[in-house]
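Counting in my numbering, the sequence shown runs from 1 upward without gaps. Ideal placement from N, C-alpha and C gives every residue a C-beta, glycine not left out. Note that the structure is a prediction, hence the values are computed from the model and not measured. Here's the structure we're looking at; comments come further down.
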Amino acid sequence: MSALWTSDEIERATLGKASAPFEVKNLVLDSRKATAGSLYLAVKGENKDGHDFIASAFENKAAAALVHKPVDAAGPVLTVAHTQRALEDLARAARARSIAKVVAVTGSAGKTTTKEMLKLAFGALGKTHVSGASFNNHWGVPFSVASLPRDAAFAVFEIGMNHFGEIRGLVPLAKPHIAVITTIAPAHLEFFGNCDAIADAKSEIFEGLLLGGPALLPVDSPYCERLRTRAKQLGVTNILTFGSAACADGRLTHYEETAEGVRIRAEILGKAVDAVIGAPGKHIAANALAALTTVGVAGGDVVTAAAALKDFAALKGRGERIHAHGVEIIDESYNANPASMAAALALLAKAPGRKIAVLGDMLEMGPEGPALHAGIASHLASADLVFLCGALMRSLYDALPADRRHGYAVNSKELAPLVAAAVKAGDTVLVKGSNGSRMGAVIEAIKARAGG
């Protein structure tokens with residue numbers, strides 16, 4: 001296998017200088033993940049400076065390190081003006097040499113799920129490279145693009161944001177042939193104020209779309225026409241949609257939940273396609289439509305791509321099913337907004353056994369946060385037990401009838417033992433909240449509970 005990068009290539013891309021020649025097979029930002037053939041990138045973050053872990057990287061057999069200040073290293077180093085800039089330089093160079101068909105994905109929810117579906121779908125058609133887990137920010141995107149293998153046929157990059165201008169600064173690194181927006185929902189309202197603003201910020205993805213490249217929009221979203229208008233303003237002429245509406249280019253025609261997940265039928269650019277997906281929910285079906293429509297637009301075989309989705313399973317923190325002591329846990333602990341909360345509670349309503357909702361704060365909701373939390377009450381009619389934690393979830397607790405308030409705590413650590421004591425074999429427990437709510441503590445308490 002050819003090297004991902006040689007020291008000569010990195011020098012040319014970054015205008016840096018290597019202390020000795022080297023070749024690397026992969027890039028790492030975490031010194032603990034370095035292996036033989038890794039280039040360790042000593043990037044300076046908000047809380048830690050990667051230069052402090054150079055020794056650890058070489059102890060783990062790293063082939064070389066990228067640095068921007070003098071270090072005492074046990075192997076070759078390539079010194080640049082600044083490692084973050086150098087990472088972006090490498091991304092530009094990787095994209096310039098790539099033969100891959102490139103897709104960029106953004107949205108308020110479903111980005112990672114859609115990316116992982118595209119990994120399977122495109123992977124059935126050729127060598128496919130995708131962003132790592134949640135590598136969608138100012139260092140994650142350039143890292144993912146810089147890691148693009150020379151011979152990849154397809155590449156999928158997830159691009160996130162929580163402020164205006166962030167996607168605008170990242171999408172030029174990917175230079176996508178196809179841009180996908182999964183959905184628009186009330187997320188990061190603290191920074192945007194309303195969903196129109198969120199839609200406009202997500203629309204920045206069209207600014208990096210290659211000339212003539214298609215944009216894929218969620219037709220069932222009330223913000224679809226706004227997204228379409230923004231795309232046209234930016235010169236995008238090839239605009240397609242996916243969803244359940246009759247006009248959609250990727251249209252859902254049948255949806256059926258199974259013991260393993262869902263079975264769907266769709267018309268993708270006029271072609272009938274069946275798919276079995278190993279995770280339940282209408283939102284999962286919508287993500288699959290986005291993925292299959294993307295494959296169709298890219299000129300790929302959508303039937304082969306659809307067959308590959310049978311291997312998809314819900315992701316950790318994003319719907320993963322965990323079985324512990326006879327209890328089924330739906331792990332939705334990674335993120336939360338009102339739309340994803342409603343979707344998760346709809347799944348819980350169809351679950352077997354007692355239905356237990358354990359919910360933590362939806363963060364970054366802005367001034368409407370208390371009202372948005374209280375509004376979740378209408379989605380809890382099917383829950384047998386409700387446990388809540390966090391300052392914002394207090395508004396939901398107060399909105400519930402007294403006989404439905406089964407437990408409240410100020411944080412997940414204090415709520416965890418209450419939940420663990422209440423659950424029993426046969427229950428289905430939904431655990432959901434923003435990542436900052438640390439709802440994983442509840443899952444660990446259930447898994448570790450005595451008497452399993």
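Asked: Beta-carbon contacts of A285 that lie in its chain and below 8 angstroms, excluding the five residues immediately before and after; Found: L252, Y255, V262, I264 and I277
Asked: Which listed residue (T428, H406 and S108) has its alpha carbon closest to that of L456; Found: This structure cannot settle anything about residue 456, because the visible part of the chain is limited to 1 through 452.
Asked: Distance between K282 and A109 (C-alpha atoms, nearest Å); Found: 13 angstroms
Asked: Presumed contact (8 angstroms Cβ cut-off) between V180 and A290, rounded CB distance; Found: 6 angstroms
Asked: Whether L173 touches F206 by CB criterion (9 angstroms); Found: no
Asked: Contacts around P21, its chain only, beta-carbon distance under 8 angstroms, and the 5 residues preceding and following it disregarded; Found: T6, S7, D8 and P76
Asked: Distance, L380 Cα to A74 Cα; Found: 58 angstroms
Asked: C-alpha distance - T106 paired with A64, whole-angstrom precision; Found: 33 angstroms
Asked: N-terminal and C-terminal residue of the beta strand (DSSP E) that Y255 is part of; Found: G250 to E257
Asked: Local conformation of L118 per DSSP, three classes; Found: helix
Asked: Distance between R32 and D49 (C-alpha atoms, nearest Å); Found: 14 angstroms
Asked: Counted within 10 angstroms of its Cβ, other Cβ atoms place S333 as buried (16 or more) or exposed; Found: buried
Asked: A124 versus D311 - alpha carbon distance; Found: 11 angstroms
Asked: Which of helix, strand or coil DSSP assigns to E328; Found: strand
Asked: For D200, the three-state DSSP class (helix, strand or coil); Found: helix
Asked: Nearest-angstrom Cα separation, counted from A13 out to A86; Found: 8 angstroms
Asked: Distance between A259 and R318 (C-alpha atoms, nearest Å); Found: 18 angstroms
Asked: Neighbourhood of V236 by C-beta, 7 angstroms cutoff - its chain only, sequence neighbours within 5 removed; Found: F206, L209 and A215
Asked: DSSP-derived helix/strand/coil call for N435; Found: helix
Asked: Those residues which DSSP pairs with D274 across a bridge; Found: R265
Asked: Reference F387, options A201, L315, V442 and A199, closest by Cα; Found: V442
Asked: contact_flag[the stretch 347-364, the stretch 429-440] where n(CB pairs < 8 angstroms) is 3 or more; Found: yes
Asked: P280 versus I10 - alpha carbon distance; Found: 44 angstroms
Asked: Cutoff 9 angstroms: R95 Cβ touching any chain B Cβ; Found: The structure shown has no chain B; it contains just one protein chain.
Asked: Every unbroken beta strand (DSSP E) within the stretch 55-138, with a cutoff of 3 residues, ordered by chain; Found: 64-67, 77-79, 101-106 and 128-130
Asked: Exposed unless 16 or more other CB atoms sit within 10 angstroms - verdict on P367; Found: exposed
Asked: For R150 and R97, believed in contact at Cβ under 8 angstroms, the rounded distance; Found: 6 angstroms
Asked: Burial state of F410 (16 or more Cβ within 10 Å); Found: Here residue 410 is Val; the residue named in the question, Phe, does not match the sequence. It is exposed - the Cβ of V410 has fewer than 16 other Cβ atoms within 10 Å.
Asked: Coarse secondary structure for C247, derived from DSSP in three states; Found: coil
Asked: Start and end residues, beta strand (DSSP E) containing A374; Found: Premise fails: A374 lies in the alpha helix (DSSP H), G369 to A374, not in any beta strand (DSSP E).
Asked: Reduced DSSP category for P149 - H, G, I as helix; E, B as strand; rest coil; Found: coil
Asked: Contact check, F157 vs A104, beta carbons under 9 angstroms; Found: yes
Asked: Closest residue to V303 among G270, I330 and D331 (Cα-Cα distance); Found: G270
Asked: Cross-strand partners of E23 (DSSP beta bridge); Found: T6
Asked: Short Cβ contact (9 angstroms threshold) for A91 with A62; Found: no
Asked: Assumed close pair T428, I322 - CB separation to whole angstroms, cut-off 8 angstroms; Found: Their Cβ separation, rounded to whole angstroms, is 11 angstroms, which puts T428 and I322 out of contact at 8 angstroms.
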